[in-house]
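Only one structure is covered here, and it is reproduced in the block below.
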Amino acid sequence: MAEFECIEELQAGLPPDAIQNVETFRGEVTFVVNPEQIVEVCRYCRDTKGLEFDFFSGLTGIDYYPSEPRFGLAYHLYSLIHNHSIRLKVYVSGDEPVAHSVVPVYTAANWFEREIFDLLGITFTDHPDLRRIMMPDDWNGHPLRKDYPLGYETVQFSFNRDEVTLHKPYAKE
Amino acid sequence: MGVTNKLGEMGVVTLRLEEAVNWARTNAMWPMLFGLACCAIEMMSTQASNYDMSRFGMELMRPSPRQSDLMIVAGRVSRKMAPVLRRLYDQMPDPKWVLSMGDCASCGGVFNNYAIVQGVDEIVPVDVYVAGCPPRPEQLMHGIITLHERIKQNRLADWA
Chain A
2 MAEFECIEEL QAGLPPDAIQ NVETFRGEVT FVVNPEQIVE VCRYCRDTKG
52 LEFDFFSGLT GIDYYPSEPR FGLAYHLYSL IHNHSIRLKV YVSGDEPVAH
102 SVVPVYTAAN WFEREIFDLL GITFTDHPDL RRIMMPDDWN GHPLRKDYPL
152 GYETVQFSFN RDEVTLHKPY AKE
Chain B
2 MGVTNKLGEM GVVTLRLEEA VNWARTNAMW PMLFGLACCA IEMMSTQASN
52 YDMSRFGMEL MRPSPRQSDL MIVAGRVSRK MAPVLRRLYD QMPDPKWVLS
102 MGDCASCGGV FNNYAIVQGV DEIVPVDVYV AGCPPRPEQL MHGIITLHER
152 IKQNRLADWA
């Protein structure tokens with residue numbers, strides 16, 4: 002994959018406060034984007050000649066608990082025309098985890114955002130169909146959060162076998 | 002003892018009713034197609050020619066709960082799948098049995114987490130557990146024969 006070499010060009014066409022930081026690691030370029038302007042940045046990346054990120058590879062949510070801002074969102078964009086890719090990153094506060102939906106720009110983001118809403122509990126404004134995608138509809142909590150309990154049953158060994166069996170909820174006929 | 006010996010001259014065989022019923026039940030069992038994960042692969046090979054489950058009177062898996070009386074839960078049951086499993090079990094006509102195949106279905110296996118039910122016995126009553134990850138076809142066949150032995154213990158008095 003070709004390295005992304007248009008960092009200045011991308012920044013030049015955007016408002017000065019849109020890109021907060023640029024990081025490069027082993028040829029991978031990450032733009033830390035102002036959360037308020039992620040939709041405009043995505044639209045600019047998609048439509049500008051020379052960039053043309055026409056393929057939405059994926060959207061990932063990260064939980065940095067207990068530090069603040071708690072959540073990160075990583076948008077991976079790829080250009081089929083130029084064979085280059087970038088990562089856009091947005092940080093979301095843990096008190097009020099809300100981000101803007103990029104579905105108006107990239108329709109493929111629909112289920113990715115639903116997944117992050119389901120598993121991390123980040124709400125996306127202007128999403129057309131924001132509901133759980135993996136867990137059952139009546140599920141409580143968001144399982145991929147770092148403060149979510151891992152399991153719910155004590156592991157059964159020979160020394161505590163009887164005690165665990167006693168509390169196990171066996172089905173009735 | 003040949004059949005002629007048992008039939009005698011009258012062409013009549015005498016046995017207890019419960020023996021006849023249990024014989025019929027064990028030798029014409031209709032398992033429900035319930036492969037959930039990798040254990041289903043072993044279940045398929047148990048039915049295939051090498052191991053040939055039809056030797057025990059169960060050669061056809063039914064994809065409908067209305068036509069089956071044995072539920073082989075082959076694989077881990079997720080919390081989302083659990084209500085579906087219970088519903089299918091409720092739809093099966095009596096008498097019905099459940100065989101929990103593999104570690105995941107029996108006790109959660111390696112998945113002690115929020116998404117997986119820690120043993121299908123939380124959802125439906127289980128008759129036979131088969132250990133293994135996944136169990137070999139021999140082990141599944143042993144489980145089925147164990148179930149057959151159990152059914153043969155059924156007494157007329159318990160049916161009422």
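Chains as they are written, first to last, in my numbering: chain A, 2 to 174; chain B, 2 to 161. Don't be surprised by glycine CBs; every beta carbon is placed ideally from N, CA and C. This structure is a prediction, so every number in the text was calculated from the model and none was measured.
- Relative to the alpha-carbon of N114(B), which residue among P98(A), T155(A) and N161(A) has its alpha-carbon at the smallest distance? T155(A)
- Query: So which residues on chain B does E154(A) lean against when the C-beta distance must stay under 8 Å?
  - Reply: G109, N113 and Q119
- Task: For S55(B), name the three-state secondary structure that DSSP assigns.
- Result: helix
- Query: Cβ of S58(A) versus every heavy atom of the ligand HEM: is any distance shorter than 7 Å?
  - Reply: In the structure on display, the ligand HEM does not appear, and there are no ligands present to speak of.
- Task: Consider the Cβ of A172(A): report whether some Cβ of chain B lies at a distance smaller than 8 Å.
- Result: yes
- How long is the line joining the alpha carbons of E6(A) and T49(A), rounded to whole angstroms? 15 Å
- Report the option in G109(B), K153(B) and Q68(B) whose CA atom is closest to the CA atom of P32(B). Q68(B)
- Query: By the criterion of Cβ-Cβ separation under 8 Å, what are the contact partners of L151(A) in chain B?
  - Reply: N113, N114 and Y115
- Message: Residues of chain B with CB closer than 8 Å to the CB of P70(A), please, in chain order.
- Response: Simply none; closest approach about 25 Å.
- Item | Residue of D55(A), P36(A) and N35(A) minimising C-alpha distance to R44(A) | D55(A)
- Measure from the C-beta of P96(B) to each C-beta in chain A and report whether the shortest distance is under 8 Å. no
- Message: With the cut-off set at 8 Å, would you say F57(A) and A109(A) are in Cβ contact?
- Response: yes
- Message: Classify C163(B): buried if its beta carbon has 16 or more other beta carbons within 10 angstroms, exposed otherwise.
- Response: Examination of residue 163(B) is not possible in this model, given that chain B is present from 2 through 161 alone.
- Is it true that the stretch 125 to 132 of chain B meets the stretch 42 to 50 of chain B, where meeting means three or more beta-carbon pairs spaced less than 8 Å apart? no
- Message: In whole angstroms, give me the CA-to-CA distance for W24(B) and P96(B).
- Response: 14 Å
- For the candidate residues K173(A), V30(A) and F118(A), whose alpha-carbon lies nearest to that of P144(A)? F118(A)
- Pairwise C-alpha distance: R80(B) and I145(B): 26 Å
- Anything in the stretch 134 to 146 of chain A with a Cβ closer than 9 Å to a Cβ of chain B? List those residues in chain order, please. M135, M136, P137, W140, G142 and P144
- State the start and end residues of the unbroken alpha helix (DSSP H) segment that holds H149(B). P138 to K153
- Hey, quick one: how far does the alpha helix (DSSP H) through N111(A) stretch, first residue to last? A110 to L120
- Task: For R88(A), collect the residues of the same chain with a Cβ closer than 8 Å to its Cβ; drop the 5 residues on either side in sequence, then sort them by chain order.
- Result: E29, V30, T31, F32, A75, Y76, H77 and L78
- Query: Of all the alpha helix (DSSP H) runs that stay within the bounds of the stretch 3 to 50 of chain B, which reach a length of 4 or more residues?
  - Reply: 4 to 8, 18 to 28 and 40 to 48
- According to the neighbour-count rule (16 or more other Cβ atoms, all chains shown, within 10 Å of its Cβ), is S148(A) buried or exposed? A quick correction: the sequence has Asp, not Ser, at residue 148(A). So D148(A) ends up on the exposed side.
- Message: As an exercise, report each continuous beta strand (DSSP E) stretch of at least 3 residues that is fully enclosed by the stretch 98 to 128 of chain B, in chain order.
- Response: 98 to 102
- Let me know the alpha helix (DSSP H) ranges lying completely inside the stretch 16 to 85 of chain A, each 4 residues or longer, listed in chain order. 39 to 48
- Comparing alpha-carbon positions, which option in M136(A), V40(A) and E69(A) lies nearest I117(B)? M136(A)
- So who's on the other strand from T124(A), going by DSSP bridges? V99(A)
- Along the beta strand (DSSP E) that carries V156(A), what are the first and last residues, could you check? From DSSP, V156(A) is part of no beta strand (DSSP E); its letter is neither H nor E.
- Helix, strand or coil: which one does DSSP assign to Y90(B)? helix
- Message: Counting only beta-carbon separations shorter than 8 Å, does P66(B) have a partner in chain A?
- Response: no
- Item | D122(B): contacting residues in chain A (beta-carbon distance under 7 Å) | Y171 and A172
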